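Protein chains in written order, with our numbering: chain A, -10 to 419; chain B, -10 to 419.
Every residue, glycine too, gets a C-beta built ideally from N, C-alpha and C.
These numbers were taken from a predicted model, which means no experiment stands behind them.
The structure appears below as structure tokens.
2 protein chains.
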Amino acid sequence: MVNEIVIAVLGAGTVGSGTVKVLKENAATVAARLGANIRVKKVLVRSLNRPRPELNGFDVTDNFDEIIADDEISVVVELMGGINPARDYMLRAMAAKKSVVTANKDVVAAHGKEMFAAAEANGVDFLFEASVGGGIPIIAPLKLSLAANRLTEVMGIVNGTTNYMLTKMAQDRADYDSVLKEAQAKGYAEADPSADVEGLDAARKAAILASIAFNSRVELSDVYVEGITKITANDIEYAKELGYTVKLLAIGRDLPEQGIDIRVHPVFLPLNHPLASVGGVFNAIFVRGNAVGEAMFYGPGAGSLPTASAVVADIIEAARNKLDGNAGRIKCTCYENKPICPIEETVSSYYVRLLVSDKPGVLGVIATTFGNAAVSLKSVIQTQREFDHQAEIVAVTHAVKYKNIMSALENLRRLDVVDEVQNMIRVESV
Amino acid sequence: MVNEIVIAVLGAGTVGSGTVKVLKENAATVAARLGANIRVKKVLVRSLNRPRPELNGFDVTDNFDEIIADDEISVVVELMGGINPARDYMLRAMAAKKSVVTANKDVVAAHGKEMFAAAEANGVDFLFEASVGGGIPIIAPLKLSLAANRLTEVMGIVNGTTNYMLTKMAQDRADYDSVLKEAQAKGYAEADPSADVEGLDAARKAAILASIAFNSRVELSDVYVEGITKITANDIEYAKELGYTVKLLAIGRDLPEQGIDIRVHPVFLPLNHPLASVGGVFNAIFVRGNAVGEAMFYGPGAGSLPTASAVVADIIEAARNKLDGNAGRIKCTCYENKPICPIEETVSSYYVRLLVSDKPGVLGVIATTFGNAAVSLKSVIQTQREFDHQAEIVAVTHAVKYKNIMSALENLRRLDVVDEVQNMIRVESV
């Protein structure tokens, strides 16, 4: 008897067609490693009218009920994206004792708990390696390879669009708008880029990573989010001058007292940080644990075949567990219930860029204003503008609470000599 | 009933004591993730006479028979190192239906096939994550997370001692001998550093990585090895000038025609390669696959707790499989039998540094000699020495077969104007 695992794929977009392609091209390798063939019996599409040469030879359907009713299908691979009907389909698949593999960060970030509960109740797998970091192995390594650790930090470049844009801005000394247009022309940014540039995509991944790393459910709504829309060529020049690079990071920290500090925002990252050299559309996730120290996982954060690499790895795992009679072997690891640290209580160093009147004594007034809000400064740069009697002051603070920097900025805005607080960006240390 | 898995640890050196420490300090976390406690019932030591405060509370023995005879012990963790008696103990443990976890690169590289056969015959696990890259998750990610790929390249900085030395030589413009002394003083290099600096340690890891990546057994004796002992401060300066950094790499490639190209040697690595920024004692493994594209795994390559992180992850996996009645779920993946590409047939670019007579026309003679051996040059630098009428010529070749560069060097040595072929180092592209 030839062992065989029969699956269905929901969705034939970028990731769906990539998954079908990888399963076909690497069929022999996958079968040898698993000890069984994987057969795609059905592919669910929205419309049967559109020609799909890449699905030739596959049984294409627009009716999910056919898949649910088919007892031969033991693994359902959801690659449609979006909350509905993906969530409903996955719950129905699990209720029908089919294991589920998904790349759907929206559902995992918003409904992870429900999904895990359904998997456990039905004794099936719910696997989602592809939901974070595209092809980068990160979910299984966090859950399994680093399981000996109490993890204290997970920090990642998890959005390729914004990393491409920031890398380009630094390389070409270009401004935000021109780089966004270029990214859109190259297909790296969508026509409506808001989910990427405003940090929401990264926030979903931050919630997923933190939930796994810290054994406690973190929801999208727990994540403090700032995007990159306010970053200027100017900020990037100052970063270089000060020995940093600008990155949009998803940062999760398990603090001993305050709970989980979870946020997405741009940072000034020291050039010797392992994440600093991750350029272009690549992603990387940096992890700190009490046994391993630090580790980093690097690779392509998106794309048809890289994401399919992660999806097919999960399919192989789900198939192996079905063959072994061991579906559901890895349980949900959110067995704790840690509080979320309010953003006001989080501690960071800050870069602050101010436009001020170019008068003697201004620097002193500004330094005093920072000091009065209990914000001590690490360095200050003042540059003169040739016209209009204005100067730019760039201050980098020592580590302070968010509420203190906010009160310093409020006081600065009230000063006559301050024309504008132009930007405020967090500064990471190594 | 409280689930419990009972284990024995063989060896109480750096990794053994680290493993016991991690299991103790992170016991609650590990138990929550696994759903069972892990209890270290016995620790095997060479001599009972030496005081070992770190093993207080553990049952210490110098008799392996006690461990074999103890039916309660279901997982044996071998952390003694060396071939004997480690190999024998592991085989006996598996014969007694105990799963085995090891950090022993010597045994895995030299006797991997025998170990896997024993594991399969006895229906137990044989796990060895810690044998390559210390705390870096790489064996499980290669076997599982990248299982959807046909992997074509695995390339790593897998020896921390030599990476520390090369990093130091570059940073301080220091020479080999002084950096080796410093590394020895800091405990990064051993009194007899030969296994590290001559590349043998890296070669064992190269054999293990290539075996897993390419599904075909690669033995230590298959690996072509050059160490770093001939690298001078001079070479590192030229590397910088040409836009490279010098690294000792373990390189495995699965070539479509010639078989597995497997070697360890220093390389000139372009600064924009993901491995180029891996400095000091850190390790990293870079992988190329036909779905994922490229991925990299970075972290601490050695040390008590980092290595214990990998060992304990394997213990958790072995324990889970014992609890599930599924020990041996991951089979040996060396199901192919690929030839090894002879070193003469391998293709590289080369950096060649020559000491020549400083006479007009020398460069022409040398370029012609390269050309006559079918070696075409990409760039040539000539520098004059102030004394003794000698000049240094540095040539970088295009990609050529090893046998061609060797024949070029032989002809160069015969020339009157060539005083010495000072070094030859391979050059990698991105």
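- DSSP, read as helix, strand or coil, puts Ser338 (chain A) in strand.
- Under the Cβ distance rule, Lys367 (chain B) does not count among the residues neighbouring chain A, no pair being separated by less than 8 Å.
- For Ser396 (chain B), no chain A residue has a C-beta closer than 7 Å to its own C-beta; the minimum C-beta separation is roughly 38 Å.
- Note on Asn261 (chain B): under 16 other CB atoms within 10 angstroms of its CB, so exposed under the neighbour-count rule.
- For Gln247 (chain A), same chain residues with a beta-carbon under 6 Å away, outside a window of 5 residues either side, are Cys330 and Glu334 in chain order.
- In chain order, Gly288 and Pro289 make up the part of chain B whose C-beta sits under 8 Å from the C-beta of Glu283 (chain A).
- The beta carbon of Leu344 (chain A) is closer than 7 Å to those of Gln379, Glu381, Asp408, Glu409 and Gln411 in its chain, skipping five residues each way along the sequence.
- The three-state reading of DSSP puts Gln411 (chain B) in strand, counting E and B together.
- Arg139: these are the residues of the region 139 to 158 of chain A whose beta carbon lies less than 8 Å from some beta carbon of chain B, given in chain order.
- Residues of the region 261 to 283 of chain A with a Cβ closer than 9 Å to any Cβ of chain B, in chain order: Asn261, Pro263, Ala265, Ser266, Val267, Gly268, Phe271, Ala273, Phe275, Val276, Gly278, Asn279, Ala280, Val281, Gly282 and Glu283.
- By alpha-carbon distance to Lys94 (chain B), the top candidate from B:Met83, B:Thr156 and B:Asn73 is B:Asn73.
- Assignment of Thr372 (chain A) by DSSP, reduced to helix, strand and coil, places it in the strand class.
- In terms of Cα proximity to Val11 (chain B), the closest of B:Ala199, B:Thr296, B:Val281 and B:Glu226 is B:Thr296.
- Put simply, the backbone Cα of Val383 (chain A) is about 15 Å away from that of Val406 (chain A).
- Boundaries around Arg22 (chain A) are those of the alpha helix (DSSP H), Ala16 to Leu23, since no beta strand (DSSP E) includes it.
- Under the three-pair Cβ rule at 8 Å, the region 47 to 65 of chain A counts as touching the region 80 to 88 of chain A.
- Restricting attention to beta strand (DSSP E) runs no shorter than 3 residues, the region 248 to 327 of chain A encloses them at 248 to 259, 271 to 278 and 282 to 289, ordered along the chain.
- Thr18 (chain A) has a beta carbon lying within less than 8 Å of a beta carbon in chain B.
- Neighbours of Gly124 (chain B) in chain A, taken as residues at a C-beta separation under 8 Å, are given in chain order as Ala280, Val281, Gly282 and Ala284.
- With contact defined as three or more Cβ pairs closer than 8 Å, the region 12 to 28 of chain A and the region 136 to 143 of chain B are in contact.
- Proximity of Glu118 (chain A) to chain B, defined by a Cβ-Cβ separation below 8 Å, is satisfied.
- The CB of Thr322 (chain B) comes closer than 9 Å to the CB of Ala21 and Arg22 in chain A, given here in chain order.
- Looking at B:Pro40, B:Lys31, B:Arg35 and B:Leu37, the one whose alpha-carbon comes closest to that of Ala58 (chain B) is B:Lys31.
- Interface with chain B (8 Å Cβ-Cβ cutoff): Asn15 (chain A) is included.
- Within the region 30 to 56 of chain B, no residue places its CB atom closer than 9 Å to a CB of chain A.
- If you draw a straight line from the Cα of Val143 (chain A) to the Cα of Gly268 (chain A), it is about 19 Å long.
- At a cut-off of 8 Å, the C-beta of Ala302 (chain A) has a neighbouring C-beta in chain B.
- Against chain B, the CB of Leu258 (chain A) has no partner CB under 8 Å away; the residue lies outside that interface.
- The Cβ atoms of Ala222 (chain B) and Phe257 (chain B) lie no closer than 8 Å to each other.
- When DSSP reads this structure, Phe105 (chain A) sits in no beta bridge, so it has no partner.
- A contact is defined here as three or more CB-CB pairs under 8 Å, and the region 62 to 71 of chain A fails this definition with respect to the region 278 to 290 of chain A.
- When C-alpha distances from Ala174 (chain B) are compared across B:Met154, B:Ala159, B:Arg162 and B:Ala192, the shortest belongs to B:Met154.
- Using a 10 angstroms sphere on the CB of Arg402 (chain A), the tally of other CB atoms stays under 16, which defines it as exposed.
- One Cα belongs to Ile27 (chain B), the other to Asp243 (chain A), and the distance between them is close to 25 Å.
- Put simply, the CB of Val121 (chain B) is far from chain A, with every gap to its CB atoms at 8 Å or more.
- When the Cα atoms are used, Asn310 (chain A) and Ile(-6) (chain A) turn out to be separated by approximately 11 Å.
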